[in-house]
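Some notes on the structure that comes next.
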Amino acid sequence: MINYHDILQARENIANFMNETPVLHSSKLSEICGNEMYFKAEHLQKTGSFKIRGAANKVKKTVRDGVTFVTAASSGNHGQAVAYIANQLGIQATIVIPVDANESKKNAIKSYRGNIEKCGTTSAERLPKARELAIEHNGTFIPPYDDPFIMAGQGTIGLEILEQLEDVDIIVVPIGGGGLISGILTAIKQTKPKVKIIGVEPATANDTFLSLKNKKITAIRATTTIADGLRTSQPGDMTFPIVQKYLDDLVLVSDEEIKVAQSFVLERMKQLIEPSSAVTVAAAMNGKLGIKDKKVVCVLSGGNVDIRNLGSTTIQRV
Ligand SMILES: *Cc1c(COP(=O)(O)O)cnc(C)c1O
1 MINYHDILQA RENIANFMNE TPVLHSSKLS EICGNEMYFK AEHLQKTGSF
51 KIRGAANKVK KTVRDGVTFV TAASSGNHGQ AVAYIANQLG IQATIVIPVD
101 ANESKKNAIK SYRGNIEKCG TTSAERLPKA RELAIEHNGT FIPPYDDPFI
151 MAGQGTIGLE ILEQLEDVDI IVVPIGGGGL ISGILTAIKQ TKPKVKIIGV
201 EPATANDTFL SLKNKKITAI RATTTIADGL RTSQPGDMTF PIVQKYLDDL
251 VLVSDEEIKV AQSFVLERMK QLIEPSSAVT VAAAMNGKLG IKDKKVVCVL
301 SGGNVDIRNL GSTTIQRV
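Residue numbering for the sequence shown follows the UniProt record's numbering, starting at 1 and increasing by one per position.
This is the structure we're talking about:
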């Protein structure tokens, strides 16, 4: 398990490669939710998501170990983050993406000078390919969440929130594979355990919810939620024990609720966030946090959306 010191160390390691993102406030959402609502703006992070934090910590460690080639299996934010940081550190990265990945994602990876390798349509095909390429070229495979350096990097968000909003009561965090929330849980619970942490999953990608209920890692079948960053089939071997130890509550939101929240944030707060981020706002807007008159920080984990799809994902009105 990682600890608080791993996160302090990560913060030092990655400081030069990322932004300390602002905490935003919304009066309108505070009124709707019955709590003081704040937002940790990782959609304004370099590469458009928090994934750069873990990727920078891990790839830096890899370079310290003398490795000059990394791979990742991702069509999304993790792939972009690994390509970006490898380029910054002057090493090569190959990102294995699905054959049907959209142009905007491919272009983002290319713009960070990452090599693209196409393979299959599922992560079950991409992951072995990325591992194989790493071995073939004496490189290192960079996992998306189940790794101590990745988890510690994501945890730096927790340190920033404690400094930016000292009297925070509750932090709301999206859950995919659990790298983000396990890092934040470690940062917060080992320093200010009274701060509550609530996780959010899409109702159709409820693998962590089921795993907590069954008290063991439980896999679900492939899912189609609009929150594409949260479509993992099971929590990680390293992330799950931390979630199990520290998490205060986990709530589920529907795709409809996610769309409404995403449109609300765009129209009223003028912030463009992706559906995987909007789950935290959806939980708050629909009274799922079960709290009143508290200071709440929703983590807005990323803002990478293909604007050509925006019309269809944000047709909902509040
Ligand atoms: C990856 C990702 C998540 C989920 O993070 P995990 O560490 O897999 O739990 C949430 N939101 C966005 C935007 C992401 O890219």
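Every residue, glycine too, gets a C-beta built ideally from N, C-alpha and C.
Option in the options with minimal Cα separation from residue i
i	options	result
residue 75	86, 45, 44, 121	121
residue 196	182, 172, 217	172
residue 237	279, 310, 249, 144	144
residue 101	148, 87, 118	118
residue 51	99, 157, 110, 116	157
residue 306	106, 68, 128	106
residue 115	70, 142, 303, 89	70
residue 149	281, 32, 7	7
residue 310	283, 273, 212, 282	273
residue 125	298, 96, 28	96
residue 281	242, 200, 14, 112	200
residue 301	290, 288, 308, 279	279
residue 216	241, 198, 14, 67	241
residue 29	261, 130, 212	261
residue 247	194, 277, 291, 112	194
residue 61	10, 138, 288	10
residue 288	59, 296, 251, 14	251
Sub-7 angstroms separation of residue i and residue j beta-carbons
i	j	result
residue 37	residue 26	yes
residue 134	residue 57	no
residue 93	residue 83	yes
residue 244	residue 207	no
residue 184	residue 155	yes
residue 275	residue 226	yes
residue 77	residue 123	no
residue 257	residue 286	yes
residue 205	residue 254	no
residue 161	residue 297	yes
Close beta carbons around residue i, own chain, < 6 angstroms, minus the five adjacent residues each side
i	result
residue 21	41, 42, 44, 45
residue 271	265
residue 210	218
residue 23	38, 40, 164, 165
residue 176	229, 230, 232
residue 98	75, 121
residue 81	47, 51, 52, 55
residue 317	At residue 317, the pLDDT of 47 sits below 50, so the modelled position is not reliable; the number obtained from the coordinates is stated separately. For residue 317, where only same-chain residues beyond five positions count, there are no Cβ hits under 6 angstroms.
Same chain, Cβ closer than 7 angstroms to residue i, neighbours up to 5 away in sequence not counted
i	result
residue 4	186, 187, 190, 191
residue 239	145, 146, 151, 177, 178, 179, 182
residue 88	17
residue 91	63, 68, 69, 70
Own chain, CB closer than 8 angstroms to residue i, minus 5 neighbours either side, in chain order
i	result
residue 294	35, 36, 169, 170
residue 315	Residue confidence for residue 315 is low, a pLDDT of 47 falling below 50, so the modelled location carries little weight; the figure read from the coordinates is stated next. Excluding residues within five positions, the ones whose Cβ falls inside 8 angstroms are 259, 263.
residue 109	79, 80, 83, 95, 97, 116
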